[in-house]
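Asker: First the structure, then my questions, so here it is.
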Amino acid sequence: LPNISSDQEGASGITGNGSGLGLDLGFNYKKMKKSAQRYLPHAVGQCKLKDYQYKFGLSLLDLGGVRMKNGFYREFSIEDSVVWEGYGGADPEGLAEIDALINEELLRLSNDSENSSYRMALPTALSAQFDYNFGKGFYANSTLVHGFSRKRKLGVKRNSTFSITPRYEMRQVEVALPLTIQNYQKLRVGAAIRIYSVIFGTDNLGGLIGGGRTYGADFYFSFKYTMFRPWYCKDKLKRSSKRKKGGVACPNW
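Have a look at this one:
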């Protein structure tokens, strides 16, 4: 249907069309390589990072929903076959004419209901993560995100993903190769690199390189700058750099 224009009736601009509530719940457990019995984060004298042996977490994402006040939806079901005569000659010029065509050709045999307000569920998902430290800068991470299906409910369904990501990590440089299965069907191979606080990469190298069937491509980039650090850690870093070049003191955030 070419040249379709739409006028979003009932849209409220910046204020939005509704309101809702969302919540994430979860926990994270970290096993340290050395004893952390007397370790107090962000305390004077505790500026050096203590590495972990492994860590895992479990969480529920996007619990809740949104109530749309000025929206519109129609629910219908057709229990018999319908022949749309003259389909090729239909040339609607807007959403209003499309709605009129559907009413005339399809909904005449259906039981339908209309609502000017409705509730929409958030894309709730279960997330599980596991990360292991093999030593000498080599790590591996495994993450599962399972999106819950919705039967006869309005809302967006989150894609289910399972990934295994080996990586080599240093303070200055980090390289990762994520292997991701989308919706338990399609395997994607990605790559990412971090140089100090600059990160760039992709979750689908095949989509960027080309070759074979391409279902999508992506590229991401990020930059992080730490504005606030404890004054005592800054002072310790300056004193340690005068004594020797190695050993960087930093808080374990």
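At position 7 of the sequence shown the residue is numbered 107 (our numbering), and the sequence of numbers has no breaks.
Built from N, CA and C at the ideal position, the CB exists for glycine as well.
#1: Is Arg149 helix, strand or coil by DSSP?
#2: Going by CA-CA distance only, name the one from Ser297, Gly306, Leu305 that's closest to Thr326.
#3: Tell whether a beta-carbon distance below 7 angstroms holds between Gly316 and Asp303.
#4: Can at least three beta-carbon pairs, one atom from the region 229 to 238 and one from the region 156 to 164, be found at a separation below 8 angstroms?
#5: Under the rule that 16 or more other beta-carbon atoms within 10 Å means buried, what is Ala225, buried or exposed?
#6: If you compare alpha carbons, which of Met220, Phe262, Met270, Gly301 is closest to Met168?
#7: Please go through the same chain and pick out, in chain order, the residues whose beta-carbon is closer than 6 angstroms to the beta-carbon of Asp162, but skip the five residues on each side of it.
#8: Helix, strand or coil: which one does DSSP assign to Leu123?
#9: Can you list, in chain order, the residues of its chain whose CB lies under 8 angstroms from that of Gln153, leaving out five sequence neighbours each side?
#10: So, with DSSP's three-state summary, where would you put Gly307?
#11: Looking at C-alpha atoms only, which residue of Lys257, Arg288, Met270 is the closest neighbour of Tyr239?
#12: Would you decide whether Ala276 is buried or exposed? Buried here means 16 or more other CB atoms lie within 10 Å of its CB.
#13: Rounded to a whole number of angstroms, what is the C-alpha to C-alpha distance between Gly237 and Leu140?
#14: Write down the C-beta distance between Tyr284 and Phe248 rounded to the nearest angstrom, noting that I regard them as a contact closer than 8 angstroms.
#15: From this set, Phe323, Arg258, Pro278, which residue's C-alpha is nearest Pro266's C-alpha?
#16: Apply the 10 Å Cβ neighbour rule to Val273 and answer buried if 16 or more other Cβ atoms are within range, or exposed otherwise.
#17: Which value, in whole angstroms, describes the spacing of the CA atoms of Asp318 and Ile281?
#18: Per DSSP, which one or two residues make a beta bridge with Gln282?
#19: Measuring straight from C-alpha to C-alpha, what distance separates Leu209 and Gly118?
#20: Within 10 angstroms of its Cβ, does Val256 collect 16 or more other Cβ (buried), or is it exposed?
#21: Smallest Cα separation from Val166: which of Phe127, Gly235, Leu254?
#22: Just to check my reading of the structure: Gly307 and Tyr320 have Cβ atoms closer than 8 angstroms, yes? What is that Cβ distance to the nearest angstrom?
#23: Who does Asn241 pair with in a DSSP beta bridge?
Answerer: On the basis of the data shown:
#1: Within the sequence shown, the letter at position 49 stands for residue 149. It is Leu, not Arg, that sits at residue 149 in the sequence shown. Here Leu149 sits in coil by DSSP.
#2: Position 226 of the sequence shown, counted from the start, is the residue given in the question as residue 326. For Thr326, the nearest C-alpha among the options comes from Ser297.
#3: Locating residue 316 in the sequence shown gives position 216, counting from the first residue. Locating residue 303 in the sequence shown gives position 203, counting from the first residue. Contact: no.
#4: yes
#5: Your numbering for residue 225 matches position 125 in the sequence shown. Buried is the call here.
#6: Residue mapping note: residue 168 aligns to position 68 of the sequence shown, counting from 1. Nearest of Met220, Phe262, Met270, Gly301 to Met168, Cα basis: Met220.
#7: Taking the sequence shown and counting its residues from 1, one reaches residue 162 at position 62. Only Gly122, Leu222, Pro223, Thr224 meet the Cβ criterion.
#8: For the purposes of this step, residue 123 is taken as the residue at position 23 of the sequence shown. Residue state, collapsed to three classes: strand.
#9: Reading the sequence shown from its first residue, position 53 is the one you call residue 153. Here the set comprises Lys131, Met132, Lys133, Tyr232, Asn233.
#10: On the sequence shown, residue 307 is found 207 positions in, with the first residue counted as 1. Looking at Gly307 - three-state DSSP - the assignment turns out to be helix.
#11: Start at 1 with the first residue of the sequence shown, and residue 239 comes out as number 139. The candidate whose alpha carbon is nearest that of Tyr239 is Met270.
#12: Taking the sequence shown and counting its residues from 1, the one referred to as residue 276 is at position 176. With 16 or more Cβ atoms within 10 Å of its Cβ, Ala276 is classed as buried.
#13: As a working note, residue 237 is residue 137 in the sequence shown. As a working note, residue 140 is residue 40 in the sequence shown. Approximately 24 angstroms, taken between the alpha carbons.
#14: The residue you call residue 284 lines up with position 184 of the sequence shown. The residue you call residue 248 lines up with position 148 of the sequence shown. About 14 angstroms; that fails the 8 angstroms criterion.
#15: Translated into the one-based positions of the sequence shown, residue 266 becomes position 166. The option with the nearest alpha carbon to Pro266 is Pro278.
#16: By 1-based counting over the sequence shown, the position of residue 273 is 173. Exposed, because fewer than 16 other Cβ atoms sit within 10 Å of the Cβ of Val273.
#17: Taking the sequence shown and counting its residues from 1, the one referred to as residue 318 is at position 218. Taking the sequence shown and counting its residues from 1, the one referred to as residue 281 is at position 181. The alpha-carbon atoms of Asp318 and Ile281 are separated by roughly 15 angstroms.
#18: As a working note, residue 282 is residue 182 in the sequence shown. BP columns for Gln282 point to Thr261, Lys286.
#19: On the sequence shown, residue 209 is found 109 positions in, with the first residue counted as 1. On the sequence shown, residue 118 is found 18 positions in, with the first residue counted as 1. Only weak support is given to the placement of Leu209: the predicted model assigns it a pLDDT of 47, under 50, and the question is left unresolved by the model.
#20: To locate residue 256, count along the sequence shown from 1; it is residue 156. With fewer than 16 Cβ atoms within 10 Å of its Cβ, Val256 is classed as exposed.
#21: By one-based count along the sequence shown, residue 166 stands at place 66. Cα-wise, what sits closest to Val166 is Leu254.
#22: As a first step, residue 307 must be located in the sequence shown, where it is residue number 207. As a first step, residue 320 must be located in the sequence shown, where it is residue number 220. Not quite, the Cβ-Cβ distance comes to about 13 angstroms (not below 8 angstroms), so this is no contact.
#23: Sequence index remark: in the sequence shown, residue 241 carries index 141 (1-based). Asn241 is bridged to Asp231, Thr265.
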